[in-house]
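Novice: Quick one: the structure is below, questions incoming.
Structural data, given as structure tokens:
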């Protein structure tokens with residue numbers, strides 16, 4: 813499962829790439845999958861370079877300005893319509909999702925981030941069956957957890 817294939821966004825529907833999938837589910841298999849993912853990333857980048865049109869750059873970046881200290885910063889007045897929305901992308905560790913519920917006010921009624929590290933940590937117990945404490949460290953490293961994403 814890869815969002816870039818299942819629900820393409822940006823230019824992913826214009827490039828050809830394979831989804832790296834393991835067959836054994838062990839630490840070595842996850843290592844091999846990670847290498848295959850890097851190869852596919854290079855394949856995507858090479859194709860993306862060919863998609864960039866030749867010619868002058870169309871974006872003209874303004875010079876940076878600094879807000880004077882004695883002037884207050886104006887708050888953003890964004891009022892999303894009443895309803896809910898879920899947006900997602902394929903991050904290096906899996907699906908990164910954002911769920912927002914709006915009641916029409918500037919502050920969200922509910923906001924939830926679906927972090928891939930939190931989801932990837934859930935099968936740790938199953939992956940550790942039959943292993944030692946030392947194995948758990950290697951297994952955890954092979955899942956590539958970001959601790960800040962796991963903290964709830």
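Numbering (the working numbering), first residue to last: 813 to 964. Every residue, glycine too, gets a C-beta built ideally from N, C-alpha and C.
(1) Residue 891: which of 824, 917, 822, 950 sits nearest, CA to CA?
(2) Give a yes or no on whether the C-beta atoms belonging to residue 830 and residue 905 are separated by under 8 Å.
(3) Could you check where the alpha helix (DSSP H) with residue 867 kicks off and where it finishes?
(4) In chain order, what residues of the same chain lie with their CB nearer than 7 Å to the CB of residue 839, ignoring the 5 residues before and after it?
(5) Among the residues of its own chain, which have a CB less than 6 Å from the CB of residue 983, if the five just before and after it don't count?
(6) Work out the CA separation of residue 903 and residue 818 for me, nearest whole Å.
(7) Taking the C-alpha atoms as reference points, what is the distance between residue 857 and residue 880?
(8) Return yes when the C-beta of residue 881 is under 7 Å from any heavy atom of the ligand FAD, and no when it is not.
(9) Distance, Cα to Cα, residue 968 vs residue 911?
(10) Could you work out which residue in 893, 846, 942 is closest to residue 919 when comparing CA atoms only?
(11) Where residue 850 and residue 882 are concerned, what is the direct C-alpha to C-alpha distance, given to the nearest angstrom?
(12) Looking only at its own chain, which residues have a Cβ that is under 6 Å from the Cβ of residue 842, when we skip the five neighbours before and after it?
(13) Quick check on residue 897: does DSSP put it in helix, strand or coil?
(14) Given this structure, state the Cα-to-Cα distance separating residue 860 from residue 832, to the nearest angstrom.
(15) Tell me which residue opens and which closes the alpha helix (DSSP H) that residue 954 is part of.
Specialist: Walking through what the data contain:
(1) Restricting attention to 824, 917, 822, 950, the CA atom closest to the CA of residue 891 is found in 917.
(2) no
(3) Segment: none, residue 867 is in no alpha helix (DSSP H) and carries neither H nor E.
(4) 950, 951, 954
(5) Coverage of the chain is limited to positions 813 through 964, which leaves residue 983 absent and any answer about it impossible.
(6) 14 Å
(7) 41 Å
(8) This structure lacks the ligand FAD; in fact it carries no ligand of any kind.
(9) Nothing can be reported for residue 968, as the shown portion of the chain is limited to 813 through 964.
(10) 893
(11) 48 Å
(12) 954
(13) strand
(14) 19 Å
(15) For residue 954, the enclosing alpha helix (DSSP H) stretches over residues 945-955.
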